[in-house]
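>
In this note's numbering, the protein residues as written are 238 to 566.
1) I need the DSSP call for residue 425, collapsed to helix, strand or coil.
2) Pull up the distance between the alpha-carbon of residue 294 and that of residue 403, whole angstroms please.
3) According to DSSP, is residue 366 part of a helix, a strand, or is it coil?
4) Specify the secondary structure class of residue 297 as computed by DSSP and reduced to three states.
5) Would you say residue 392 and residue 365 are within 8 Å of each other, going by their C-beta atoms?
6) Can you tell me which residues form a DSSP beta bridge with residue 329?
7) How many whole angstroms separate the CB atoms of residue 239 and residue 306, which I take to be in contact at a CB cut-off of 8 Å?
8) According to DSSP, simplified to helix, strand and coil, what is residue 565?
9) Is the stretch 512-519 in contact with the stretch 261-281, if contact means three or more CB pairs nearer than 8 Å?
10) Going along the chain, which unbroken runs of the alpha helix (DSSP H) with 4 or more residues stay wholly within the stretch 336-367?
11) What are the boundary residues of the alpha helix (DSSP H) that includes residue 411?
12) Does the beta-carbon of residue 562 have 16 or more other beta-carbons within 10 angstroms, so that it is buried, or is it exposed?
13) Is the stretch 428-435 touching the stretch 482-500, taking contact as three or more C-beta pairs under 8 Å?
14) Residues bridged to residue 403 by DSSP?
15) Note down the Cα distance separating residue 342 from residue 253, rounded to an integer number of angstroms.
16) Exposed or buried, residue 565, counting other C-beta atoms within 10 Å across all chains shown (16 or more means buried)?
17) For residue 547, which of 265, 502, 508 has the nearest alpha-carbon?
18) Out of 441, 432, 440, 495, which one is the CA nearest neighbour of residue 535?
19) Round the Cβ separation of residue 497 and residue 434 to the nearest angstrom and send it over; I've been treating them as touching at under 8 Å.
20) Does the Cβ-Cβ distance between residue 381 and residue 248 come in under 8 Å?
What follows is the structure, encoded as structure tokens:
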């Protein structure tokens, strides 16, 4: 089976690396320099330069070349550019080829999940989402991890499972696409909250409380939107939330931690050099919550922090260590 992965960020590169060990795999990169580095040096010189990639993995900066021969299309670009890439691929991709989304977020203008975007731009193509506690660097280093492939068609999910699962990377099936995609998107907002706590120096008890109450908020919104509550207790919910809130490699946690340290958001994002989906998702979550008449206080506080209405310390007022409560700003 020919696999094409669109997006050569850390996660797209990781998934392409996994697939290439058993199937011919092409990785599309916007940058010719990244594609050349993968082909020549078997390394992604920008995102995961410290890891050697399989010699079998090929890369290109030509989207048509990447898409035209695909039997399975995997899309790993950030949500802001997701629709544009899928729309451009539509003229080249063969009929009925399944499309798997790696993006964990919501489309800013429409609030759609990425599988919904796929269905709009590629009607007739089965859509699925891969999500879970998947930190790229740990997987590339050979550590065990588990993920979920979410699609209503479990026969299709089983076929994709055989392609994506490899070695210590286990892939489980789930029919609750709404819950799996929302879990992956909304946990990024809670990870910013947990990161702020780390930056402010709050205790583990405090961060655990934020994570637990954050999971409750995610679950309430998910159920209101048609998801199953049980999904949020699994890999796509609690599992992904824990990894994203606790790992020093988590972009959203890093954003929160630096905000807690007093670094302006613009500087945080400039230093990150990668997309932290939670920054943009915070306001989108509140739009969805308002539609369903829900109050999500943690998500609301994080939206106020990233929009500049509230300082990170003000968001944690009453939860910071003694002697740190004052905030004249």
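Think of the CB as a built atom: it goes at the ideal place given N, C-alpha and C, for glycine as much as any other residue. Owing to the predicted nature of the structure, the values given are computational and were not obtained by experimental measurement.
The answer reads as follows:
1) Residue mapping note: residue 425 aligns to position 188 of the chain shown, counting from 1. Residue state, collapsed to three classes: helix.
2) The count along the chain shown starts at 1 and reaches residue 294 at position 57. The count along the chain shown starts at 1 and reaches residue 403 at position 166. Going by the C-alpha atoms only, they are around 15 Å apart.
3) Reading the chain shown from its first residue, position 129 is the one you call residue 366. Three-state DSSP puts residue 366 in a strand.
4) One-based indexing of the chain shown puts residue 297 at position 60. In this structure, DSSP gives residue 297 an extended state, which the three-state scheme calls strand.
5) Your numbering for residue 392 matches position 155 in the chain shown. Your numbering for residue 365 matches position 128 in the chain shown. Against a cut-off of 8 Å, the Cβ pair of residue 365 and residue 392 comes out as no contact.
6) Here the question's residue 329 lines up with position 92 in the chain shown. None; residue 329 has no bridge partner.
7) Translated into the one-based positions of the chain shown, residue 239 becomes position 2. Translated into the one-based positions of the chain shown, residue 306 becomes position 69. A Cβ-Cβ separation of about 5 Å places residue 239 in contact with residue 306 under the 8 Å criterion.
8) The residue given as residue 565 occupies position 328 in the chain shown. Only weak support exists for where residue 565 lies, its pLDDT of 32 falling under 50; the value from the coordinates is given anyway. Here residue 565 sits in coil by DSSP.
9) no
10) Runs found: 351-358.
11) Locating residue 411 in the chain shown gives position 174, where the first residue counts as 1. Note, residue 411: premise wrong, no alpha helix (DSSP H); beta strand (DSSP E) at 406-411.
12) Here residue 562 refers to the residue found at position 325 when the chain shown is read from its first residue. Because residue 562 carries a pLDDT of 41, less than 50, the predicted location of this residue cannot be relied on, and no value is offered for it.
13) yes
14) Locating residue 403 in the chain shown gives position 166, counting from the first residue. Answer is 406.
15) Translated into the one-based positions of the chain shown, residue 342 becomes position 105. Translated into the one-based positions of the chain shown, residue 253 becomes position 16. Each residue's Cα considered, the two are about 20 Å apart.
16) The residue given as residue 565 occupies position 328 in the chain shown. At residue 565, the pLDDT of 32 sits below 50, so the modelled position is not reliable and the matter cannot be decided from this model.
17) Translated into positions along the chain shown, residue 547 becomes position 310. Taking only the C-alpha atoms, the option nearest residue 547 is 502.
18) Along the chain shown, one-based indexing puts residue 535 at 298. The candidate whose alpha carbon is nearest that of residue 535 is 432.
19) Working through the chain shown from its first residue, we reach residue 497 at position 260. Working through the chain shown from its first residue, we reach residue 434 at position 197. About 7 Å separates the two Cβ atoms, so the contact holds.
20) As a first step, residue 381 must be located in the chain shown, where it is residue number 144. As a first step, residue 248 must be located in the chain shown, where it is residue number 11. Not closer than 8 Å, so no.
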